[in-house]
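For reference, the structure is listed below as structure tokens.
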Amino acid sequence: GLGDAADADLLARFRDAGDEDAFAELLRRHGPMVLGVCRRVARADAEDAFQAAFLVLALKPGRVRPPGRVGAWLHGVAHLTALKAR
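Sequential numbering from 3 applies to the sequence shown in the working numbering.
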């Protein structure tokens, strides 16, 4: 299943084929970390920053470099979106 797929494979499935299940698996895997970053940085606006971080991933999946580092990329995006939300 998707739970065994590497992040880079999930990203490719979403980027190349619009596979929503692959995106959902990335959200499941990395959502708690992204929310934690947003809560630490943005506090009251954490939910908005969280949604913004995953919106960037949804709209610009080709920006993840290297593709296997989805978590690190999301961490950076979450930090930036949380700073803006604050």
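Each residue gets a CB set at the ideal place from its N, CA and C atoms; glycine is no exception. Predicted model, so just to flag it, every value in this text is computed and none were measured.
Check, Outcome
"Is Ala55 near Thr83, with beta carbons less than 8 Å apart?", "yes"
"The alpha helix (DSSP H) that contains Arg17, what's its start and end?", "Asp9 to Ala19"
"By the DSSP assignment, the alpha helix (DSSP H) with Gly64 in it spans what residues?", "No alpha helix (DSSP H) contains Gly64, which DSSP labels as neither H nor E."
"Span of the alpha helix (DSSP H) holding Pro34?", "Glu22 to Ala44"
"Which residue comes first and which comes last in the alpha helix (DSSP H) that contains Gly3?", "Looking at the DSSP string, Gly3 is not in any alpha helix (DSSP H), and its letter there is neither H nor E."
"Hey, how far is the Cα of Leu59 from the Cα of Leu29?", "10 Å"
"Would DSSP call Gly78 helix, strand or coil?", "helix"
"Considering only residues of the same chain and omitting the five flanking positions on each side of Glu41, which have a CB-CB separation below 7 Å?", "Checking the displayed sequence, the identity of residue 41 turns out to be Arg instead of Glu. Answer for Arg41: Ala48, listed in chain order."
"If you measure between the beta carbons of Gly5 and Glu27, is that distance less than 8 Å?", "yes"
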